[in-house]
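Engineer: Numbering (full-length UniProt numbering), first residue to last: 1 to 378. Where a beta carbon is used, it is the ideal one built from N, C-alpha and C, also for glycine. Small disclaimer: the values here were computed from a predicted structure and weren't measured. Before I ask anything, let me first share the structure, which is written out below as structure tokens.
Now the structure itself:
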């Protein structure tokens, strides 16, 4: 075990020699460094596991010196040394943030070593507890954001059947901005959206929630489909936390009789249309730029006839960017089509795709992924 690195901050040469002698008496496994001022201590703190700090120093008085050391201590523990006449100051020092205190003249080598070890372990426990608390809070925040990204679709009894899956990427604490939604309107049509805010983290996830809720509000308010993406782009530009953030998005509207769809693509992977002739990607001839790239970008719909027995898969790029084994090769759209063609049971298609892609990747995917499967209601 490596010796503990102890930084003694003491201007009294006699007391400094005494501390070294006490540690030598018990063959303490420590490497002692001595400085005389708080300023010198601040420069040496990065190389210390524990600081033995006298409260009476030339460049700091009382707890002021302690506060300066604590501001720069990092992961180092702080053990305060007090005199007989100011033992109460030791209690105050612990309240300010020191791990413990010792009274000069009342310790031997064993007690001093035990105090150092206790202070170090207490600091480690405090750091572990704080990290656990921060991770718990972040996890709760991510869960709240995830609930906003993954809503309960508003469907009608006559709407096409809808199944959805969401799987977070490997960096679980870095929630991404994948989102989806589905809304049936009074005319019997079904509108669906799936999107992906570039990047990972709470800012991107919050922006995804904002866009999803705005999309739902626009659809329910009856805004014309050709204007929805324009409005969403305006919102994204005003709400994004930095320049360059963009969002890929696919929006589809299924007619009330389920015989046709209007599909809008804004830099997003093409949905896969599944019919009797087999699965095929929706053509990209009307595809436009992602939202947020050019403020005057426009998007037009592709009208897609739907044959009886149709199904449509919408997904984010986390599905096709999974790797094939340990190399750099990605799954891609063509292999995705092959996977769909080889699996006949639509009711288990989404679970099959997710498990197969994770298996091919030989572990969890780096990126989040979201999938929506629309199936004609018979």
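(1) Check this for me: beta carbons of residue 38 and residue 68, under 8 Å apart or not?
(2) Mind checking residue 10: buried by the 16 CB within 10 Å criterion, or exposed?
(3) Bridge partners for residue 253 per DSSP, in chain order?
(4) To which residues of the same chain is residue 63 closer than 8 Å at the C-beta, ignoring the five residues directly before and after it?
(5) I want to know whether the region 297 to 310 touches the region 274 to 288 - three or more CB-CB distances under 8 Å.
(6) Would you call the region 234 to 245 and the region 264 to 279 touching, i.e. three or more CB-CB distances under 8 Å?
(7) Mind the definition here: the region 260 to 278 touches the region 211 to 218 only if three or more C-beta pairs lie below 8 Å; say whether that holds.
(8) Pull up the CB-CB distance for residue 246 and residue 209, whole angstroms please, since I reckon it's below 8 Å.
(9) Could you have a look at residue 107 and say whether DSSP puts it in helix, strand or coil?
(10) Let me know the beta strand (DSSP E) ranges lying completely inside the region 304 to 348, each 3 residues or longer, listed in chain order.
(11) Are residue 155 and residue 186 close, meaning C-beta to C-beta below 8 Å?
(12) According to DSSP, simplified to helix, strand and coil, what is residue 202?
(13) From the DSSP output, in three-state form, read off residue 167 for me.
(14) Among all the DSSP beta bridges, which residues are the ones paired with residue 375?
(15) Check whether the Cβ atoms of residue 292 and residue 265 sit closer than 8 Å, and answer yes or no.
(16) Does DSSP put residue 270 in a helix, in a strand, or in coil?
(17) Using a 10 Å radius around the Cβ and a threshold of 16 neighbouring Cβ atoms, would you call residue 378 buried or exposed?
(18) Can you give the Cα-Cα distance for residue 320 and residue 98, rounded to whole angstroms?
(19) Run the CB neighbour count on residue 212, radius 10 Å, all protein chains shown included, and call it buried at 16 or more, exposed below.
(20) Report yes if the C-beta distance between residue 388 and residue 119 is below 8 Å; otherwise report no.
(21) Assign residue 121 to one of three DSSP states: helix, strand, or coil.
(22) What is the DSSP secondary structure of residue 13, reduced to helix, strand or coil?
(23) Does the distance from the C-beta atom of residue 315 to that of residue 370 stay below 8 Å?
(24) Cβ of residue 30 within 8 Å of Cβ of residue 53?
(25) What are the start and end residues of the alpha helix (DSSP H) that includes residue 89?
(26) Run the CB neighbour count on residue 112, radius 10 Å, all protein chains shown included, and call it buried at 16 or more, exposed below.
(27) Nearest chain D C-beta to residue 229 closer than 8 Å, yes or no?
(28) Kindly indicate which residue of 40, 353, 71 and 207 has the alpha-carbon position closest to the one of residue 58.
(29) Residues in its own chain within less than 8 Å of residue 110 by CB, not counting five upstream and five downstream?
(30) Return the chain-ordered ranges of every alpha helix (DSSP H) run that is complete within the region 50 to 79 and spans a minimum of 4 residues.
(31) In this structure, does DSSP put residue 240 in helix, strand or coil?
(32) Return the residue from the list 200, 204 and 153 that minimises the CA-CA distance to residue 190.
(33) Do residue 379 and residue 167 have their C-beta atoms within less than 8 Å of each other?
Structural biologist: Let's see:
(1) yes
(2) buried
(3) 191 and 262
(4) 55, 89, 92, 93 and 96
(5) yes
(6) no
(7) no
(8) Actually they are not in contact, since the Cβ atoms of residue 246 and residue 209 sit about 17 Å apart, beyond 8 Å.
(9) coil
(10) 311 to 315
(11) no
(12) helix
(13) strand
(14) 161 and 311
(15) no
(16) coil
(17) exposed
(18) 52 Å
(19) buried
(20) Outside the shown range of the chain (1 to 378) lies residue 388, about which nothing can therefore be said.
(21) helix
(22) helix
(23) yes
(24) no
(25) 87 to 96
(26) buried
(27) In summary, chain D is missing from the structure at hand, where a single protein chain is found.
(28) 40
(29) 26
(30) 63 to 72
(31) coil
(32) 153
(33) With the chain covering 1 to 378 only, the question about residue 379 has no answer from this structure.
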